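Enquirer:
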Amino acid sequence: MDTELQNVISRFPQIKGIKHIQPIQSGLINRTYRVITDGTDDYILQRINHHVFTDVDLLQHNIECVTKHIRAKLLERGEQDVERKVLRFLSTPEGKTYHFDGTHYWRACVYIRGSHTQTEVTPDTAYLAGLKFGEFESMLADLPEKLDETIPGFHNMEYRMDQLREAVQEDKAGRRTEVQELVDEIERDADEMSRAERLYREGELPKRICHCDTKVSNMLFDAYGKVLCIIDLDTVMPSFVFSDFGDFLRTAACTAPEDEPDTTRVHFNLDIFRAFAKGYLESAMSFLTPLEIEMLPYAARLFPYMQAVRFLTDYLNGDSYYQTQYAEHNYVRTLAQYRLYQEASKAEPEMCEFIKTQINADFHK
2 MDTELQNVIS RFPQIKGIKH IQPIQSGLIN RTYRVITDGT DDYILQRINH
52 HVFTDVDLLQ HNIECVTKHI RAKLLERGEQ DVERKVLRFL STPEGKTYHF
102 DGTHYWRACV YIRGSHTQTE VTPDTAYLAG LKFGEFESML ADLPEKLDET
152 IPGFHNMEYR MDQLREAVQE DKAGRRTEVQ ELVDEIERDA DEMSRAERLY
202 REGELPKRIC HCDTKVSNML FDAYGKVLCI IDLDTVMPSF VFSDFGDFLR
252 TAACTAPEDE PDTTRVHFNL DIFRAFAKGY LESAMSFLTP LEIEMLPYAA
302 RLFPYMQAVR FLTDYLNGDS YYQTQYAEHN YVRTLAQYRL YQEASKAEPE
352 MCEFIKTQIN ADFHK
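Have a look at this one:
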């Protein structure tokens with residue numbers, strides 16, 4: 002057994018009788034292992050990427066507050082099998098839910114037996130995702146503790162535009178001339194797409210506790226296809242509900258990969274939108290304001306636009322953030338995401354009409 006892992010595991014005394022440690026390959030940020038024991042519980046051990054999550058104390062504070070609150074809500078409403086419906090993190094002898102070994106940060110949680118993840122996006126899984134992430138936000142709507150941003154400015158459109166403008170000005174990789182026309186197109190819509198930040202400053206739009214990484218693969222399912230709980234809580238932080246709504250659709254409702262070189266293959270799948278929106282509104286309607294509901298189609302447009310800005314910024318900076326496989330990779334990604342933004346914009350009237358039908362259906366129940 003790896004000596005480093007043995008030393009780390011020893012800082013979580015709840016873990017006993019280790020039989021095997023199995024690396025888990027999924028996930029791009031943290032290094033993850035399943036610790037198999039001869040007892041009742043197995044465990045998930047993670048090495049936290051502190052280059053991405055620079056304030057690990059804040060990160061774990063957010064996660065502890067969220068899991069504690071969700072557990073209390075589940076118990077309050079008489080849920081059965083609660084331990085399979087919310088993550089439980091282990092504590093060190095010092096009372097922290099992470100251990101720093103001098104170089105790396107580590108944490109451990111109880112593995113939820115009989116659970117599995119899915120990656121396929123269908124109308125059925127999109128509906129379940131909308132339902133579960135809406136419920137997640139709803140349960141946290143009255144969270145008393147203050148949370149902060151684990152990645153400052155993560156989904157802030159004004160901040161992302163400032164980064165792009167700085168990249169254009171500096172032109173570190175000498176690529177500005179070839180992309181100037183696209184930069185000009187993006188700038189034409191920048192004011193409209195930064196609307197959420199303005200409304201927040203004016204007191205018209207609230208921030209909620211959101212997951213900020215909504216994917217089908219961030220839900221655990223049981224053997225019968227029922228969703229047990231939400232996982233991958235590192236990005237849980239205050240944000241607009243658009244973060245959870247729009248970011249899911251950016252990947253799930255896109256008909257092609259985010260780096261598709263043939264942009265004629267990039268379309269916005271309204272069937273996925275309808276399924277996700279239906280589930281989301283069923284579970285989140287109770288706390289959403291009329292303005293938040295009205296702006297959900299804006300969220301579906303915002304996230305491909307924001308991602309196009311981020312890819313283009315990195316391209317201008319010389320590909321220093323995203324891993325690339327060839328010289329124009331970030332530019333190809335930019336064009337695909339910008340095309341998705343255009344396709345979502347064309348679909349906006351149909352999205353608005355669907356939202357209205359859902360609101361009316363709920364009103365007449």
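Residues in the sequence shown are numbered consecutively from 2, following our numbering.
For glycine and all other residues, C-beta sits at the position ideal for the given N, C-alpha and C.
As the structure is a computational prediction, the values presented were derived from the model and not from experiment.
Leaving aside the five residues before and after Pro262 along the sequence, list all residues of the same chain whose C-beta is less than 7 Å from its C-beta, in chain order.
Expert: The answer, listed in chain order, is Val333.
Enquirer: Is Ala197 buried or exposed, if buried means 16 or more other CB atoms sit within 10 Å of its CB?
Expert: Its Cβ being crowded by 16 or more others within 10 Å, Ala197 is buried.
Enquirer: Indicate the three-state DSSP secondary structure (helix, strand or coil) for Thr93 in the structure shown.
Expert: Coil.
Enquirer: At the level of alpha carbons, what is the spacing between Lys86 and Leu229?
Expert: Approximately 5 Å between the Cα atoms of the pair.
Enquirer: Classify Cys66 as helix, strand or coil using the three-state DSSP reduction.
Expert: Helix.
Enquirer: Should the stretch 9 to 21 be regarded as contacting the stretch 93 to 109, the criterion being three or more beta carbon pairs within less than 8 Å?
Expert: They touch, by the three-pair rule.
Enquirer: For Leu132, which option in Arg340, Leu336 and Val217 has the closest C-alpha, if you only look at C-alpha atoms?
Expert: For the residues Arg340, Leu336 and Val217, the minimum Cα distance to Leu132 belongs to Val217.
Enquirer: Look at the Cβ atom of Phe241, then the Cβ atom of Ala254, and state whether they are nearer than 8 Å.
Expert: No, the Cβ-Cβ distance between Phe241 and Ala254 is not below 8 Å.
Enquirer: What residues match up with Pro24 in a beta bridge as DSSP calls it?
Expert: Note: Pro24 sits in a beta bridge opposite Tyr34.
Enquirer: State the Cα-Cα distance for the pair Asn50 and Leu59, rounded to the nearest angstrom.
Expert: Going from the Cα of Asn50 to the Cα of Leu59 covers about 14 Å.
Enquirer: Quick check on DSSP: helix, strand or coil for Cys213?
Expert: Coil.
Enquirer: Exposed or buried, Tyr225, counting other C-beta atoms within 10 Å across all chains shown (16 or more means buried)?
Expert: So Tyr225 ends up on the exposed side.
Enquirer: If you measure between the beta carbons of Ala276 and Pro124, is that distance less than 8 Å?
Expert: Yes; because the gap between Cβ atoms is below 8 Å, this pair is in contact.
Enquirer: List the residues that DSSP assigns as beta-bridge partners of Tyr106.
Expert: Ile49 and Phe101, per the DSSP bridge assignment.
Enquirer: With DSSP collapsed to three states, give me the class of Ile152.
Expert: Ile152 falls in the coil class under three-state DSSP.
Enquirer: Ignore the nearest five residues each way along the sequence and tell me which others in Ala174's own chain have a CB closer than 7 Å to its CB.
Expert: Cβ neighbours of Ala174 beyond the five flanking positions: Leu317, Asn318 and Gly319.
Enquirer: From the DSSP secondary-structure annotation, give me the bridge partner or partners of Ile356.
Expert: DSSP output for Ile356 lists no bridge partner at all.
Enquirer: Taking its Cβ as the centre, do 16 or more other Cβ atoms sit within 10 Å of Lys17, making it buried, or is it exposed?
Expert: When all chains shown are included, Lys17 counts as exposed.
Enquirer: Could you have a look at Pro1 and say whether DSSP puts it in helix, strand or coil?
Expert: The requested residue 1 is not part of the displayed model; the chain covers only 2 to 366.
Enquirer: Using DSSP with H/G/I as helix, E/B as strand and the rest coil, what is Met286?
Expert: It is coil, neither helix nor strand.
Enquirer: Closest to Leu336 by C-alpha separation, out of Asn361, Val180 and Arg209, would be which residue?
Expert: Among Asn361, Val180 and Arg209, the Cα nearest to that of Leu336 belongs to Val180.
Enquirer: DSSP state of Phe269, grouped into three classes?
Expert: Of the three classes helix, strand and coil, the one that applies to Phe269 here is strand, per DSSP.
Enquirer: Quick one: grab the DSSP three-state call for Tyr44.
Expert: Here Tyr44 sits in strand by DSSP.
Enquirer: Which residues in the same chain have their Cβ closer than 6 Å to the Cβ of Phe355, if we skip the five residues on either side of it in sequence?
Expert: Here the set comprises Arg275.
Enquirer: Excluding the 5 residues preceding and the 5 following Thr33 in the sequence, name in chain order all residues of the same chain whose CB lies nearer than 6 Å to its CB.
Expert: Excluding positions up to five away in sequence, the list reads Ile25 and Gln47.
Enquirer: Inspect the CB distances between the stretch 81 to 100 and the stretch 144 to 152 and report whether three or more fall short of 8 Å.
Expert: No contact exists between the stretch 81 to 100 and the stretch 144 to 152.
Enquirer: Per DSSP, what are the beta-bridge partners of Phe222 in this structure?
Expert: Partner(s): His117 and Val228.
Enquirer: With 16 as the cutoff for other CB atoms within 10 Å, does Cys353 come out buried or exposed?
Expert: Under this definition Cys353 is an exposed residue.
Enquirer: Pick helix, strand or coil for Val9, following the three-state DSSP scheme.
Expert: Correct three-state label for Val9: helix.
Enquirer: Rounding to the nearest angstrom, what Cα-Cα distance links Tyr323 and Ala130 in this structure?
Expert: Going from the Cα of Tyr323 to the Cα of Ala130 covers about 27 Å.
Enquirer: Please classify Pro153 as buried or exposed, where buried requires at least 16 neighbouring CB atoms within 10 angstroms.
Expert: Exposed is the call here.
Enquirer: Just grab the DSSP bridge partners of Val111 for me.
Expert: The partner list for Val111 (beta bridge, DSSP) reads Tyr44.
Enquirer: Quick one: complete beta strand (DSSP E) runs, 3+ long, within the stretch 273 to 358?
Expert: The qualifying runs do not exist here; there are none.
Enquirer: Let me make sure I understand the geometry here. Which of Thr126, Val237 and Arg251 has the alpha-carbon closest to that of Phe222?
Expert: Checked all of Thr126, Val237 and Arg251; the closest Cα to Phe222 is Thr126.
Enquirer: Would Leu341 be called buried (16 or more neighbouring beta carbons within 10 Å of its own) or exposed?
Expert: Buried, by the Cβ-count rule.
Enquirer: Since Gln308 contacts Arg266 with CB under 8 Å, what's their CB separation in whole angstroms?
Expert: Wrong, their Cβ atoms sit about 17 Å apart, outside the cutoff.
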